[in-house]
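Input: a single structure, listed below in structure tokens.
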Amino acid sequence: MNSQKICSPGCINFISQISRSFSKSCAKESQKKCRLLVIGGGTGGCSTAAKFVRKLGAGNVTLIEPSDTHYYQPMWTLVGGGIKSLDDSSRSMKSVIPSGCEWIKDKAVKFDPINNTVTTAHGTNVQYEYLVVAMGLQLNYGHVTGLLEALERDPAVVSNYWDKSLVKTFPALQKLQSGNAIFTFPNTPIKCAGAPQKIMYLADDFWRKNGRRENINISFNTALGVIFGVKKYAERLSEIVKKRNIGVNFNLNLIEVKPDSKEAIFAVTNSDKGETKSVKYDFLHVTPPMSSPDALRESTLVDQAGYLNVNKETLQHVEYKNIFGIGDCTNVPTSKTAAAVAAQAGILRTNLGAVIDGKPVQSLYNGYTSCPLVTSYSKCILAEFDFNGQPLETFPVDQGKERRSMFLMKKYFMPFLYWNGMLKGYWNGPGVFRKIMRFGQ
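When the letters of the sequence shown are read in order and numbered with UniProt numbering, they come out as residues 1 to 441.
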């Protein structure tokens, strides 16, 4: 049977021209250039973009971020405790990306620092003159056997680090009448190292106020060997857990959850025999293991641990001088908090600005970070410290004490400052105020 012609030569020529035109259009669309490329639309990314839109002008800054929603995650402890709602912590991503910054709603998947190019999941190649990596941390729930299934199936297994699970936390607190309540801390760096304890203290306070605490056994199972990394605050927290009869078990890393039998399996981290410990739970709050995002970890920009390899004081990449980092994805040896990002943002603005202007970097980060340790529904310890774990407190009072004033600041003032100051690039931490309140210290 002879095949039939379905198109004349003229038709074929017309289709060929259209195809070539379409191909050129696609190629054009998949190639972009910018002076400054920011990877990540979190706290560090938005703050950096805002600062440099003002310096470089509209159209010179591009930001890559796949999410539709931006969350103020430091509020999530209060959401888990029923004090705030998830909606209170969110804004549309479009509303927080500064005017004049081009938003590529996509995910960065490949870094080519030799050719100053980043490739997105949809194949867009973005060429930059300068790059700021602000990708945050990746939550690795799947690294704990059975955890994802437990979070989906068991209403008593929750995690304040994931918005979909966060909304389960307060209902689970309300439902528990008796039994074992376990709060975990993993064997990896995490964002806001105080958060695994904060929700525990709120739970303790909630159950006391509702007359159930005597029937509930609370345990903090941490893979670490200390309750907190700064001695001053660790001593105060140790006093609190002792007073409130909260058990603290060191060197226990959660490796498996069995929702059917309600068992949590922990590896004993200081054992060389591969020991494990099984604990029954009636309520389980899990802080998952975390890492830098896969795309960054698989690039040539990281250290041996997989974090962006920057100078801890200047935030400039150790090899590629047109690349800077900010926040949780870097290997800067300080606690990964929004407060640290605020302080780093000012350093980055000065140093990257200097590089753009052809000048040497000059500003040095001292490791400032802060963790408002919520200890009840009305009290908070405002921990502030530096690279060396030394207190670097802003107010002329002992911030190691539980204070209502610090709780109110955490609940009301800090969110206002975040949305109206930090994300808009106007807040670089309390360094100036510290000098005023502490007479130049």
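Even glycine gets a Cβ: it sits at the ideal position worked out from N, Cα and C.
Under DSSP, residue 263 forms a beta bridge with 258, 280. When the beta-carbon positions are compared, residue 251 and residue 186 stay at least 8 Å from each other.
Inside the UniProt domain "FAD/NAD(P)-binding" (35 to 147), DSSP marks whole alpha helix (DSSP H) runs of 4 or more residues at positions 43 to 56, 76 to 80, 93 to 96, from first to last along the chain. Put simply, the backbone Cα of residue 365 is about 40 Å away from that of residue 265.
Assigned with DSSP and collapsed to three states, residue 421 falls in helix. Rounded to whole angstroms, the separation of the alpha carbons of residue 189 and residue 326 is 16 Å. Around the beta carbon of residue 349, a 10 Å sphere encloses 16 or more other beta carbons of the protein chains shown; the residue is thus reported as buried.
The C-alpha of residue 431 lies about 16 Å from the C-alpha of residue 414. Proximity to residue 230 across 417, 389, 36, 395 peaks at 389, based on C-alpha coordinates. By alpha-carbon distance to residue 161, the top candidate from 148, 182, 139, 181 is 139. Listed in chain order, the non-local C-beta contacts of residue 44 below 6 Å within the same chain comprise 134, 326, 327, 341, local neighbours out to five positions each way being set aside.
The region 289 to 302 makes no contact with the region 91 to 98: fewer than 3 CB pairs, one atom from each, lie closer than 8 Å. Per DSSP, the continuous alpha helix (DSSP H) segment holding residue 170 begins and ends at 163 to 175.
The C-alpha of residue 397 lies about 51 Å from the C-alpha of residue 115. The way I'd put it, the region 358 to 377 does touch the region 77 to 89; three or more beta-carbon pairs between them come closer than 8 Å. The DSSP-derived three-state label of residue 326 is coil.
Looking from the CA of residue 98, the closest CA among 122, 55, 332 belongs to 55.
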